[in-house]
Amino acid sequence: MEKTLNVQGMTCGHCKQAVEGALKNLAGVSAAEVNLEAGKVAVTFDDSKVNVDAMKEAIEEQGYDVEA
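Using the UniProt record's numbering, the first residue of the sequence shown is number 1, and each one after it goes up by one.
The following block contains the structure:
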């Protein structure tokens, strides 16, 4: 399954690494790709193992805001 999340506050390569790393650490997430210019993160995941709320929480723990 794939979902694109809108994430506010990502401005640099470190932001990209922090968000991608936090998502990839979740069980069930197979890929996460940040588009800094668009403020979006494309996440590929197994929805039987992880849900969008868990992904939002992982991103917010890194200090970024996720829009619905």
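For every residue, glycine included, the Cβ atom is placed at its ideal position computed from N, Cα and C.
State buried or exposed for residue i, treating a residue as buried only when at least 16 other CB atoms are found within 10 Å of its CB.
i, result
"A31", "exposed"
"M1", "exposed"
"A38", "exposed"
"A27", "exposed"
Whose C-alpha, out of the options, is nearest the C-alpha of residue i?
i, options, result
"A58", "M10, K24, C12", "K24"
"V29", "D46, L36, G13, K3", "D46"
"V52", "G63, E67, Q62", "E67"
"E20", "N6, K3, T4, V41", "V41"
"E33", "E60, C15, A54, V50", "C15"
"L5", "E61, M55, G63", "M55"
Strictly by DSSP, which residues pair up with residue i?
i, result
"N51", "DSSP lists no partner for N51."
"K3", "V43"
"M8", "For the sequence presented, residue 8 should be read as Gln rather than Met. Paired residues: D65."
"E33", "A42"
Is the shortest distance between the beta-carbon of residue i and the beta-carbons of chain C less than 8 Å?
i, result
"G13", "Annotation note: the requested chain C is absent from the structure, which comprises a single protein chain."
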